[in-house]
Structure formats: structure tokens, C-alpha cells
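With the numbering used here, letter number 553 in the sequence shown gets 1152, and the count goes up by one each step, no holes.
The C-beta atom is built at its ideal place from N, Cα and C for all residues, glycine as well.
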Amino acid sequence: MTFEALKEKALSLPYAPGVYIMRDKTDKVIYVGKAKKLKNRVSQYFQDTAAHTPKTKAMVSKIDHFDVLVAGSEFEALVLECSLIKRYMPKYNILLKDDKGYPYIRLNMKDPYPTMTLVNKIANDGASYFGPYGSRGVSNSIMEAIRTTLKLPGCHKQFPRDIGKERPCLNYHMDRCAGWCQTGLPQKSYRATMEEAKQLLAGNYKDVAVEIKNQMLTAADNLEFELAATLRDKLNAVEALGQRQLVTALSLADMDAIGYGQTEAKACFTVLHFSGGNLLDKDYEVFPIPDDKEAALSSLIKQYYLSRGMAPKIVLLPWEMEDGELFAQLLEQNFGRRPHLRIPQRGDNVRLVEMAMNNAFQEAQRATSREEKLSGTLVLLGKMLGMDPPRRMESYDISNISGTDMVAGMVVFQDGKPRKSDYKRFKIEALANQDDYASMQEVISRRFQEYFRQKESGEGFGRLPDLILLDGGKGHVAAVKPVLESMGLGDIPLFGMVKDDKHRTRAIALDGGEISIHSHRAAFTLIGAIQEEVHRFAIGYHRQRRKKAVIGSSLLEIPGVGPTRAKALLRHFRTVSAIQNADLEELEAAPHMTKPAARAVYLYYHPEEAEEKTDLDKET
């Protein structure tokens, strides 16, 4: 997005508390912040930039687009901000990097000797995760208590690699570890003990205690009193551990909240994702107002989860979903999990659905505002040019350097927005010398010749524009107008886009004069965006062509290598570097190559071997 587009979007935000998420061109989150009033706070980034600190200036320069989450209160916005920062760790939230987030205990039972570690994030790696816990101190104390209770190792030794390599450590002699690093202790016993640890982490203290008690009684009946005493101590430790509260995190987990909102022009479907009590992300889709919102929402939910290939444990709905039970069965069949579809009536879950509904409405409202602005701009532009609002606009630009590698670009704007699937590139074929007017005539002629060939399709070249904009002045318009008239298309409005001495759009040109657009800000912004886009597109193609020409020119310097053979070499080896590094046999085996030509190419890139041969010939 351009700076002006970002500014306009910020000014369209509501006076409501929430969280804003700044992203760069790669869609990476670079900053997360909260605001009492989103409109006031976010718009500050794009106004009075001279007053910004260097850090803020650097951040603003990286912003390509942003998103917002509307909250119910400032406190709620703070909670959301913390949650999102923990997830994304944005570059420009450096002051908050000390907050490492809620820790989890990871238990990997897939290894021959399972391991128990502390991590900051949940990964989809098949391991079991427990938490989140309130702090690293709490989680470390829990792991230590379980290790001590079950006499599991707390050292950094890796099993089975380190078994038998060293004598047991002090924990073994203090009876805090069973000495699993010694030889003779079966792997089966270690895995059984780790299964007990898994049960304890899951909170199944009673089941573990019952099993240990049964083992103790069996040992006593067998007169194994020493083993029975050890199991008694273990039982007491498990019962004591069960008195501790292990989970100190928010109660929400693996839950989606569905929202729906609409304005007079647009509707929006929103999904807020929660995991481990933290808001992870927001998905939304804006679409035209449906006839039946309940049926539309039901259809969208089905499409959304089936395409994702997964479903959460709980889905919170704003109202009854059509075929909800059947849909839940389908998800269970496909993904092995049957989600609980709930319509909350009270408590925190009602607040989550309200948040989803509010965000859906705000997205629909912003989409409507953008559409209305674009529609109003097109109406204004049509009035300025004496025509109906132009829904489809085509713009053309010529690019060359001193008449070499002459190309043209065509961009299409549909309803005020770029339609990149209809962009086209042209290589100027009929001209030997630089002539912008003649080049534009050739391009326009070729484009509308394609229209007559493809008009039955009604797509791409098969569509006529409502307006043609040339990157140039009235001279370009005067040169192109006869071409359109000769093809029976003279009724298509044709104008030029005139630049000032700083290469900025200044006016719209007719064949008989100019129309100033400075006083019409919206039209000025749109025409400027079109001119910038067509210039970018054309010059990009020109640079690509020049690069290929430069690459090919080095090959054409080699005796015996003409255009056809150079193209064949590039097609076969892909790059000049690969040709340079190829040996003589590889060059001889390439298409369209002879042994003399292959040798010439090889010696061109290996001149030292040619010199050695010359010296040898002189000696003989």
C-alpha cells in the first residue's frame, strides 16, 4: 500500500479500543500495539512524520499494510496485545522482548528414551505438551518435583549414548535419581516411569497413586519389604505432588469464535483463533450481502474448516448452524476430532463471540468505505472527463534507452483497483529507431487486433476498456486516436497522463488541451497510482530484456556462436555461469553444438589452456 492509502485506511478506523498489527511487504509482523481509540492512535503514524522518533520513522518506512483487532475495553486490548506479541515477537516491539511468554513442558515419547524439556511454543511434532504455566520458575519446580518423585534424571546426559560411560552423579547417591546412566537398568522400566510422569503432568494423580499402592501391596505380600518401603515413599511423594496446582494459565484452549457482520453494501465472516488461552490470529472474508445470512454463515463455516484440514475442540457460534450436528460428524470422520459447536449464553464465551461479531462488522464497514470511496472517485473522474464512471481502465507506457530494447506495458484497473491477471507486455517489433508515437500506435493496434480475435470470450483482450490512459501528453493522444478510429473504436475515451518536471502526475491531456486534477484529490491520487503502476510495469519488462541481451552478448562474441546457438546453450545450461563451468565433453553434447564450436566456447572461458597450447606449439 502507498503511504496515502495507509493514511486513508487509518482514518477509516473506529474510535474504539483495540490492537493494531503492522506488517511489511513480506507480510511479516513488525509491530503490535494497543490503543484506547484506534483511529487516533494509528493515524498518528501517518501524520506529522517529522515529529516521530528515529525508531518510529524506521518502522513507518517498513509498513506495507496493517490490520486491527477491535476490543471491548482498554484492558482487553492490553491482553490481546500481550498475546500477539508473544506469538509474533515483532522486530519493533524490542522493549517487550524480555517477556518470554508462558512456558510449556514438552514430553517426547517417540524417542527410545523419552525426554522432558521446557519450551516456549507448541509445535506440531507428535510430542505431548502441558501448560502453559505462569512462569519458568513454576514450570521448573514442577519438572523437578516429578523428577524427584519418580527418580528421573535431571542431568544433561543423552540416553542411550551416555549409558555406562561415567559413574552416577551426586543425585544418584542422594537417592534423587535411579541412576539410569548405569548399565543393567532396562529401557522398558525407564519408559514405564516416563509414562507415569505423563500421567502426573496430565493431572491424573489418583490413577498413578492407585497403581503405586497396588505395587507396594504386592511387594509386601511377596516379603519384598525394601521395595515396598521405596514404593511407599514414592506414593507419599505423588500424593503430595497432587496437592499442588500445576496449571496457572487462562482457561481457554483450542477454541474458535465465529463472527458475522454486515453493512448496507458488504458482509464479513470472521474467525478468531484461541490456543492455550491466547488469541493467535484472525481470519476474515468480505463478500456481498447474502439473501440469507444464517445459510451463508453455515456454508462459509463448512468451507473454511474442510479446506483447512483441521478443526478445533470448540467452535463458538453466534447462532444455530445449519446442519451443525452433521457437519461435526463429517469433521470427526475426516480429522478424527469432533468439535463442540456451542452457542454461548453467558460467561467469557459470550464475550468472545461478541468480539468476533464486532470485528466482522468493522471489517465489513471498512470494506464498504473503501468501495464507496472508489466508487465516488470513479464518478468524479467520469464527470471531469465527460463520461460515465470508468469501471475498466487500461493504461499504456513505452520504455526504451536510446531506441534499444523497445517495449511497452499495459496495466488494467477494474473498479479502481489493479487487475494484475489482465496485465500485458509488448515487444516493439516494427520499429528500428526510437519513436514513442509510432511505438504507441503499434501497441494500440496490436492490442485491439487481439480484441477482434478474442471478443467472443469476453475475457482479457476480449474486453473493451471504458477508458484508455496513455503515459504521455496530447501528442500521444493525437497519434493514437486515428488508430482507434480506423478500427471502428473511436468512441472509447482516450486521454494522456501528463507529468511535471519532477515526474509526478500533473494533468490529464486531451488532443486539444489539458484538464487539471490537482484540485480533485481523490481523482489525482487514483490517476497518479495508475501512472506509477504502468511505469513500474513497463520499465520492469525493459530491464528484463536488457539483462537477457547483456547475457547473450558475451556468447555472441565467441567465434562460431550465433544467435541460434547462443539461445540453445542458454536453454540447455540455464545460465552463463553454468556454460563457463562446463567441461569440453558437456559442451560437445549440448544441442546445436559441433566439436569446433564447443572447443571455441571452452577456450573462450578458459584462456589459460589456449595459451598453454600456443606455447607448446612454439616449442615443437
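Beta-bridge pairing by DSSP links residue 955 to no other residue. Residue 884 is bridged by DSSP to 868. Residue pairing of residue 1104 in beta bridges, as defined by DSSP: 1098. Selection 712, 921, 707, 830 evaluated against residue 787 yields 712 as nearest (Cα-Cα).
Taking residue 677 as the centre and dropping the five residues before and after it, the same chain places the C-beta of 633 closer than 7 Å to its C-beta, in chain order.
Between the C-alpha atoms of residue 1193 and residue 1170 there is a straight-line separation of about 16 Å. The three-state reading of DSSP puts residue 934 in helix, counting H, G and I together. The residues 1040, 1043, 1044, in chain order, have a CB closer than 6 Å to that of residue 1082 in the same chain once the five nearest residues on each side in sequence are set aside. Under DSSP, residue 634 takes part in a beta bridge, and its partners are 617. CA-to-CA, the gap between residue 604 and residue 625 works out to about 18 Å. When secondary structure is reduced to three states using DSSP, residue 706 falls in the strand class. Note that the stretch 1101-1110 touches the stretch 1066-1073; at least 3 beta-carbon pairs, one per stretch, sit closer than 8 Å. The Cβ atoms of residue 750 and residue 775 sit closer than 9 Å to each other. Take the alpha-carbon of residue 940 and the one of residue 665: they are about 31 Å apart.
According to the DSSP assignment, residue 789 belongs to the alpha helix (DSSP H) that extends over 786-800. Leaving aside the five residues that flank residue 644 on each side, the residues in its chain whose CB is nearer than 6 Å to its CB run, in chain order, 659. When secondary structure is reduced to three states using DSSP, residue 1116 falls in the coil class, being assigned neither helix nor strand. Taking a C-beta distance under 9 Å as the contact criterion, residue 983 and residue 1129 do not qualify as a contact pair. Contact between the stretch 989-996 and the stretch 943-958 is absent: fewer than three C-beta pairs spanning the two stretches fall below 8 Å. Selection 902, 1091, 686, 972 evaluated against residue 1125 yields 972 as nearest (Cα-Cα). Relative to residue 619, the option among 627, 631, 613, 611 whose CA is nearest is 631. The distance from the Cβ of residue 938 to that of residue 901 is about 12 Å, inconsistent with a contact at the 8 Å cut-off. Using a 10 angstroms sphere on the CB of residue 949, the tally of other CB atoms stays under 16, which defines it as exposed. The three-state reading of DSSP puts residue 753 in coil, since its state is none of H, G, I, E or B. Distances from the CA of residue 772 to each of 942, 1113, 747 were compared; the closest alpha carbon is that of 747. Secondary structure note for residue 1163: its alpha helix (DSSP H) is the uninterrupted segment 1162-1172. Around the C-beta of residue 805, fewer than 16 other C-beta atoms lie within 10 Å, and the residue is accordingly described as exposed. Closest in alpha carbon position to residue 1074, among 1056, 1112, 1049, is 1112.
Residue 968 and residue 642 do not touch by the CB rule: their CB atoms are close to 14 Å apart, not below 8 Å. Per the DSSP secondary-structure output, residue 859 pairs in a beta bridge with 868. Just so you know, the alpha carbons of residue 1035 and residue 994 end up roughly 15 Å apart. According to the DSSP secondary-structure assignment, residue 991 is paired through a beta bridge with 1013.
With 16 or more other CB atoms across the displayed protein chains lying within 10 angstroms of its CB, residue 1141 is buried. Under the rule that a run must span 4 or more residues, the alpha helix (DSSP H) segments found entirely inside the stretch 1024-1090 read 1035-1053, 1073-1085.
In the structure shown, residue 999 falls within a strand segment according to DSSP collapsed to helix, strand and coil. Residue 941: member of the beta strand (DSSP E) spanning 939-941, first to last residue.
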